[in-house]
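Peer 1:
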Amino acid sequence: MSAHRAGQRIRQLREELREHNYRYHVLNDPSVPDAEYDRLMRELEGLEAGHPQFADPNSPTQRVGAEPAESFDTVRHQVPMLSLGNAFDPQEVQDFHQRLLKRLECESLLYMAEPKLDGVAIALHYHDGKLVLAATRGDGNSGEDVTLNARTIQSIPLTLRGSGFPSRLEVRGEIYMPLAGFDAYNRAARETGEKTLVNPRNAASGSLRQLDPQLTAKRPLAFYCYAAATREGLPNNQYDVLMALKGWGFPVNPEMRKVKDADGCLDYYDQLGAKREALAYEIDGAVYKVNDFELQDALGFVSKAPRWALAHKFPAQEQMTRLLAIEVQVGRTGAITPVARLEPVFVGGVTVTNATLH
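Everything in the sequence shown is counted per numbering that gives the first Met the number 0, starting at 0 for the first residue and increasing by one.
(1) Taking its Cβ as the centre, do 16 or more other Cβ atoms sit within 10 Å of L323, making it buried, or is it exposed?
(2) Extract the residue ranges of the beta strand (DSSP E) inside the region 184-231, only unbroken runs of 3 or more that lie entirely within it.
(3) Sort G142, V119, F181, V92 by Cα distance to A279 and report the nearest one.
(4) Do you know offhand how far A227's Cα is from Y125's?
(5) Within this structure, are the beta carbons of P165 and T229 separated by less than 8 Å?
(6) So, is D117 buried or exposed, given that buried needs 16 or more other C-beta atoms within 10 angstroms?
(7) How about E113: is its C-beta nearer than 8 Å to some C-beta of chain B?
(8) Quick check: the region 152-168 against the region 208-226, are there 3 or more CB pairs under 8 Å?
(9) Looking only at its chain, what residues have a beta carbon closer than 8 Å to the beta carbon of R13, apart from the 5 residues adjacent to it on each side?
(10) On the DSSP bridge assignment, give the partners of R256 in chain order.
(11) Excluding the 5 residues flanking A133 on each side, which residues of the same chain have their C-beta closer than 8 Å to its C-beta?
(12) Among R200, L265, Y23, which residue has its Cα nearest to the Cα of Q93?
(13) Please report how far the alpha carbon of N290 lies from the alpha carbon of D211, in whole angstroms.
(14) Within this structure, are the beta carbons of A273 and K288 separated by less than 8 Å?
(15) Using CA atoms only, rank isn't needed, just tell me which of K303, H96, Q270, D262 is closest to N140.
(16) For the putative contact between K259 and L109, defined by C-beta atoms under 8 Å, what is the C-beta separation to the nearest angstrom?
(17) Ignoring anything shorter than 4 residues, give me the alpha helix (DSSP H) runs that lie fully in the region 33-94, in order along the chain.
In structure tokens form, the structure reads like this:
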């Protein structure tokens, strides 16, 4: 094959594979069997190996290949990645809603409601449609550069599709481990005598922070986006931004809904709780966000959390255990804290042996 024809076929294969990835990970509507996808990938790998002049770091074949790093570089977030205030009962959601109505002097509000995934928050930076940086949340102001590891996750687009996206775009979302992948990984680990993963949330965090991207690539990680940190060139509300991001190749959680007022939020919470066990991933609650960005800006922030968003947690998982002793700890300022020493119990994916008492 001539170099010219090889270049044409390489470009064609890259576009085909990107489209197949989009249909599989974003639309949940695969267009070809896995065997055909693998055949196209092998053909592209062969052509790229034979014609290195067409090398492209954003080719679908280049998700893995970097050498292990000695450590992660620190990244400072231009827009802080803030935590959310929590609610644990319906009255707290009603109180949250009433506070916003009073502050905005309005009678009704539209919210975006979404599942609160139990994973790892990530910020993805794109320049001219190309992924250039992925950073963890860290302390909210600074995180770790995990770009090489994020590139191995098939549902994170390396190159945006379509047109109309801003030249500088920061997308935020959650990296998680689907339950089926978690179970399959542990079955294979037990068969080979390797260490199993404790729970999907810890597995996602540990996998993303592997210094060797090839180890991350072996973990069944996935991604959902939930926001854009940049505003320029984007719609003026949460829902339309998510629809734009979906069109550019980002997977958006299909359980997201527009709801009205506190009653809409609580109905969503009940519906989500009813289907929680049937979902393909772990969640620990619902998140409500004021949909309109102008209203978000008017509400602003308090401490390290936005006033316009709330995490409504599901009840904690519970287990019985035995209280062995109570010890008293004295802090640096003289504050006294009683601590329970417990018979070890496995709850919520972790083994608990101590608990602070209040």
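Yeah, the Cβ is synthetic: ideal placement off N, Cα and C, and Gly gets one too.
Peer 2: Taking the structure as given:
(1) exposed
(2) 221-227
(3) F181
(4) 11 Å
(5) yes
(6) buried
(7) In summary, chain B is missing from the structure at hand, where a single protein chain is found.
(8) yes
(9) L43, D55, S58, P59
(10) A112
(11) I121, A122, L123, H124, D144, V145, T146, N148, A149, R150, I155
(12) L265
(13) 39 Å
(14) no
(15) K303
(16) 6 Å
(17) 33-49
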